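S.K.:
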Amino acid sequence: MSWEIDFLEDAVDDLRHLDGAVRVQVIKGIKRVSKNPLPTTENGYGKPLGSQDGGNLTNLLKIRFRNLDIRVVYKIERRDSVIRIIIISARANNQVYKDAAKRRGKCNL
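Each residue of the sequence shown is one higher than the one before, counting from 100 in this note's numbering.
What follows is the structure, encoded as structure tokens:
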């Protein structure tokens, strides 16, 4: 059973800005993770995040696309079986994590 995937509006924009081939790979990866989005500590695919460069990302998880240097940061809503995609971006000096912390605060996640 796959979890429902929900994108923040900003994350939809992130996806639109990706090159076509990269976008396809990212969507495929998100769909694969939606089958088991739990943290790796619970035998899922998501790598737990904590504090990153001053931003509190506790309870958020990431998907890492090694060959693309892209990160997807998401939150799971266990009660509703929803994966909420917060940001899709290049890792670039951990900026993706700083931006994820800002979006989290803006959206009260």
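Ideal Cβ positions, reconstructed from N, Cα and C, are used throughout, including at glycine. Just so we're clear, the structure is a prediction, and the values are computed from it rather than from any experiment.
Ignore the nearest five residues each way along the sequence and tell me which others in Q124's own chain have a CB closer than 8 Å to its CB.
M.R.: Hits under 8 Å: F164 and L167.
S.K.: Return the first residue and the last residue of the alpha helix (DSSP H) that E118 is part of.
M.R.: Reading off the sequence shown, one finds Asp at residue 118, where the question assumed Glu. That residue, D118, is in no alpha helix (DSSP H); it is neither H nor E in DSSP.
S.K.: Which partner residues of D105 appear in the DSSP bridge assignment?
M.R.: The partner list for D105 (beta bridge, DSSP) reads R183.
S.K.: Is there contact between the stretch 139 to 152 and the stretch 112 to 122, where contact requires at least three CB pairs shorter than 8 Å?
M.R.: Touching, no, given that fewer than three Cβ pairs across the two stretches are closer than 8 Å.
S.K.: Let me know the secondary structure DSSP gives Y144 once reduced to three states.
M.R.: Y144: coil per DSSP, three-state reduction.
S.K.: On the DSSP letters alone, give me the boundaries of the beta strand (DSSP E) that K134 sits inside.
M.R.: Unbroken run through K134: none, as it is neither H nor E.
S.K.: Counting C-beta neighbours from all protein chains within 10 Å, is the total for S188 16 or more, i.e. buried, or is it exposed?
M.R.: Looking at its Cβ environment, which holds 16 or more other Cβ atoms inside 10 Å, S188 is buried.
S.K.: Between the beta-carbon of R190 and the beta-carbon of R203, is there less than 8 Å?
M.R.: No; because the gap between Cβ atoms is not below 8 Å, this pair is not in contact.
S.K.: Distance, Cα to Cα, D105 vs N192?
M.R.: Between D105 and N192, the C-alpha separation is close to 26 Å.
S.K.: For L160 versus Y196, is the C-beta distance shorter than 8 Å?
M.R.: No, they are not a contact pair.
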